[in-house]
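In our numbering, the protein residues as written are 3 to 383. Glycine residues also receive a C-beta, built at the ideal position from the N, C-alpha and C atoms. What you are looking at is a predicted structure, and each value in this text was computed from that prediction instead of being measured. For reference, the structure discussed in these notes is given below.
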Ligand code: GLA
């Protein structure tokens, strides 16, 4: 299976941990539709750890916990498919999942067959309890081969947290996305740390296998399994903008059944989703910095651009510091010096405001924790 754009969906882990069940999944699926999230592009509903019984059956097969999923996974997949959604499930390349349930290590072909028979569409594949003598690349490769030979298109979402220099081998394995970060928690510190770590990995992200910066915490407000301090809506907005701009997978992690209007507005922002899903998936590059602080990227402010399919540009200015900064980009850094006879028309993806940049630089005062993201058109100067 070839993956052409970053996968989008909702995953149970951030809010519900191991406490998942069919009712929760169906309610969340219904919300995906009623809230417009499905129509905005979110299609996978992923059951993370905790869906199975702690032991395989007498034939060595994985079994769904009958108390949590009384009708089994296949019936749930049918329901989701009828709603225009897809079902994701979770297993592990090691002997056990991180939550202590059976892993798929040395059962790869059997489990891929089971998932295919349940009409699963997506497998998140973790890295806990990996035998030391086994190679990560081979474990992901074996599961990818098993899925590719299962008779069903099942996207392999690798989750080895960047361990063992995952970025050096993951694209050879057949995974369709890979966790390029450690686990997220619901705090601004965590969001900042993951975004900074991503700067060195932007060149790994391309069609076929996308960087996965971990599930979104937007809208968690400190509640649930990885709930911590929580963030302000501005920080959640910047978090979403960063993940979208960097073409990460977009997996919602809050309880969407109770999300606020502001959370829904952030998660459905059409301009950012279009940038995230841009078919070219070109690498971002640095085009400016913080005017009163430093030249070029510094620790806490990033100003990046991406060339989009069809000729437009995406330009993002991110202020991860706690204080307002004057962030800028220059036309020279965009390879558009004055003599080339073109200027930019910027549309702010949050406000819809339009402005032009004729020469030199564009500067905006961006509050601490806030961002600006523009879609830019080239027009005659
Ligand atoms: C690991 C993964 C998380 C989640 C848990 C489940 O920590 O990185 O995303 O899947 O395991 O136990």
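Short note on residue 90: C-beta not closer than 6 Å to any heavy atom of ligand 1. Ranked by how close their Cα comes to the Cα of residue 372, the residues 111, 20, 235 and 144 have 235 in first place. Here residue 232 is bridged, per DSSP, to 189. Linking residue 14 to residue 225 through their CA atoms gives a straight-line distance of about 13 Å. Contact between the segment 33-50 and the segment 261-272 is established, with three or more Cβ pairs separated by less than 8 Å. Here DSSP, grouped into helix, strand and coil, assigns residue 82 to helix. Counting only the Cα atoms, residue 87 lies some 15 Å from residue 24.
In the DSSP secondary-structure assignment, residue 214 is bridged to 181.
Rounded to the nearest angstrom, the Cβ distance from residue 320 to residue 303 is 7 Å, consistent with a contact under 8 Å. Separation of residue 196 and residue 182 (C-alpha to C-alpha, rounded to the nearest whole angstrom) is 9 Å. Straight-line spacing of the CA atoms in residue 188 and residue 238 works out to 10 Å. Around the beta carbon of residue 327, 16 or more other beta carbons lie within 10 angstroms, which makes this residue buried. Within the same chain, Cβ atoms closer than 7 Å to the Cβ of residue 323 are found at 302, 303 and 370, the five residues on either side in sequence being excluded. Assigned with DSSP and collapsed to three states, residue 156 falls in coil, not helix or strand. Between the beta-carbon of residue 49 and that of residue 90 there is about 7 Å, and that keeps the pair under the 8 Å contact cut.
Taken from the Cβ of residue 255, every heavy atom of ligand 1 lies 6 Å or farther away. Residue 123 and residue 339 have their C-alpha atoms some 47 Å from each other. For residue 50, the CB falls within less than 6 Å of some heavy atom of ligand 1.
In terms of side-chain proximity, the C-beta atom of residue 164 is found no nearer than 6 Å to any non-hydrogen atom of ligand 1. Here the segment 129-136 does not lie against the segment 144-159, with fewer than 3 beta-carbon pairs under 8 Å apart. Within the segment 355-381, the beta strand (DSSP E) runs of at least 3 residues that lie entirely inside it are, in chain order, 356-359 and 363-368.
The beta-bridge partner set that DSSP reports for residue 330 consists of 291 and 365. Burial check for residue 103: the Cβ neighbour count within 10 Å reaches 16 or more, so the residue is buried. Between the alpha carbons of residue 193 and residue 61 lies a gap of roughly 43 Å.
Taking C-beta atoms as the reference points, residue 317 and residue 366 fail to come closer than 7 Å. Remark: the C-beta of residue 15 is in contact range of ligand 1, defined as less than 6 Å to any heavy atom.
Residue 94 has its Cβ no nearer than 6 Å to any heavy atom of ligand 1. The beta strand (DSSP E) runs lying completely inside the segment 243-280 and spanning 3 residues or more are 252-254, given in chain order. With 16 or more neighbouring CB atoms inside 10 Å of its own CB, residue 212 falls in the buried class.
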